[in-house]
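These notes concern the structure reproduced below.
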Amino acid sequence: MSSKDSSQEKTTAAELSAAGESAAGSSRGRPGWKKTLSRVVPNIFIAAMSFIMIFPFLWMFASALMTQEEIASYPPTFIPASPQWSHFLEAWQSAPFNIYIFNSFFTASAIVALHIITTALFAYAITQLNFRFRKPLFVIVMATYMLPVPVTYVPSYIVLSWLGWLDTYQGIIFSNSVSVFAIFLARQAFLQVPDELVDASKVDGASHWTILWKVFFPLTKPIFITFGLINFVLMYNNYLWPLLIIRSERLYLITIGLRQFFIEQGAYGVNWPLIMAASTIVVTPLLILFFITQKWFIKGVGDTGVKG
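For the sequence shown, full-length UniProt numbering gives the first residue as 1, with consecutive numbering after it.
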C-alpha cells in the first residue's frame with residue numbers, strides 16, 4: 001500500500017508540476033500576444049488611414065490616363081486599358097498653366113517670406129522685450145485667429161481699393177502678410193531658447209536684431225520651415241479671396257485658372273480625362289515640395305510638442 005500511495009503522490013506531484021508549468025507558459029505567452037497586437041493594430045490603422053488619404057490622388061492620376069468611356073463605365077475600372085499619356089500634354093496646351101503656376105508660386109513665396117519676417121519680429125518682441133500691455137496685445141492677436149476669414153474680406157477689399165491695389169500682385173501679397181498661426185508657433189519656439197544664450201549674446205554687445213537672426217532664428221529654423229510649408233500650401237490653394245480681387249487673366253492663380261479650365265471643358269463631365277490631367281499637373285509641384293522638405297517639416301512638428 002505504501003508503494004502505491006507513494007507512486008500516486010509522485011503522479012499527482014508530476015501532474016501539478018506540469019499544470020503549473022503550463023499555466024506559467026500561458027501567462028508568459030499572454031504579454032507576448034498583447035505586445036504583438038499593440039504593434040500590429042496601430043500599423044494596420046495607419047495603413048488604412050494612409051490608403052484613404054492617398055486614394056483620391058491615385059484615382060485622379062488613373063483617371064487622367066483613361067478615356068471618357070472608361071471613367072463613366074460601371075463597374076468602375078481603376079487601371080486604364082491603354083494609358084493616354086497625351087492627356088497631360090493636351091491639358092497643358094489647352095490653358096496657360098505655366099502662367100497660373102508661376103503666379104501661385106510667386107505670390108505664395110512672397111507671402112511666406114513676409115510671414116517669416118513679421119512672425120520673427122513679433123514673436124521676439126512678445127517674448128524678449130518688456131513693455132506695457134505685452135500680454136494683452138498677444139491675447140488680442142490670438143483672439144483674431146478665431147474670427148472667420150470671410151469677416152475680413154469687406155474691410156480688406158475697401159483698403160485695397162483705397163490703395164489702388166485691386167487686381168495687382170501687391171494686393172494679393174500684402175493682404176496676406178501676417179499669419180497668427182505662425183506667430184503662435186514661433187512664440188512657443190522662442191520660449192524654449194535658453195536664457196543663458198541670450199544673456200551671453202547681450203554681454204558680447206549683440207543688438208536685438210543680431211540676437212534675433214543669429215541666435216533665435218537658427219535654433220528655431222525647423223519651426224519656421226514647418227509653418228512656412230503649411231502657409232505656402234494654403235496660399236497656393238487660396239481661391240475665394242484672389243477670386244474677389246483679381247480680374248486680369250495674366251494674374252490668375254492656379255486655383256482660378258483650374259476653375260476656368262474646368263468651365264471651358266464643359267464643367268460637369270464633358271472632358272473628365274483632361275480635367276483630371278490638369279488637376280494632376282496642379283498638385284505635382286506641392287508633392288515635390290513636400291518630399292524635399294519633409295525632414296525639416298517632421299522635425300518642426302516634433303519640436304512644437306516640447307515644453308514651452
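In this text, a Cβ means the ideal position worked out from N, Cα and C, and glycines have one as well.
- Comparing C-alpha distances from Ser109 to each of His87, Phe174, Glu90 shows the shortest one belongs to Phe174.
- Per the coordinates, the alpha-carbon of Ile254 lies some 42 Å from the alpha-carbon of Arg39.
- Residue burial is scored here from C-beta neighbours: Thr226 has at least 16 other C-beta atoms within 10 angstroms and is therefore classed as buried.
- Collapsing the DSSP output to three states places Trp59 in a helix.
- If you look at Gly171, you'll find it in the alpha helix (DSSP H) that goes 169-174.
- Between the alpha carbons of Val159 and Leu114 lies a distance of about 19 Å.
- DSSP, reduced to helix, strand and coil, places Val41 within a helical segment of the structure shown.
- Apart from the 5 residues on each side of it in sequence, Lys202 sits with its Cβ closer than 8 Å to the Cβ of Ile211 in its chain, given in chain order.
- The three-state secondary structure of Phe133, taken from DSSP, is coil.
- Ile52 counts as exposed, since fewer than 16 other C-beta atoms from the protein chains shown sit within 10 angstroms of its C-beta.
- In the three-state scheme derived from DSSP, where H, G and I count as helix and E and B as strand, Asp195 is classed as helix.
- The residue among Tyr74, Val178, Ser156 with its C-alpha nearest the C-alpha of Met142 is Val178.
- Distance between Lys214 and Leu185, taken at the CA atoms: about 19 Å.
- Comparing alpha carbon positions, the residue from Glu69, Tyr74, Ser94 closest to Ser82 is Glu69.
- Contact check for Tyr74 and Tyr252: beta-carbon distance about 36 Å, past the 8 Å limit, so the pair fails to qualify.
- The three-state reading of DSSP puts Trp33 in helix, counting H, G and I together.
- The beta carbon of Phe78 is closer than 7 Å to those of Ala62 in its chain, skipping five residues each way along the sequence.
- Val112 is not a Cβ neighbour of Gly257, given a cutoff of 8 Å.
- Note on Ser104: 16 or more other CB atoms within 10 angstroms of its CB, so buried under the neighbour-count rule.
- Here Phe232 is buried, its C-beta having at least 16 other C-beta atoms within 10 Å.
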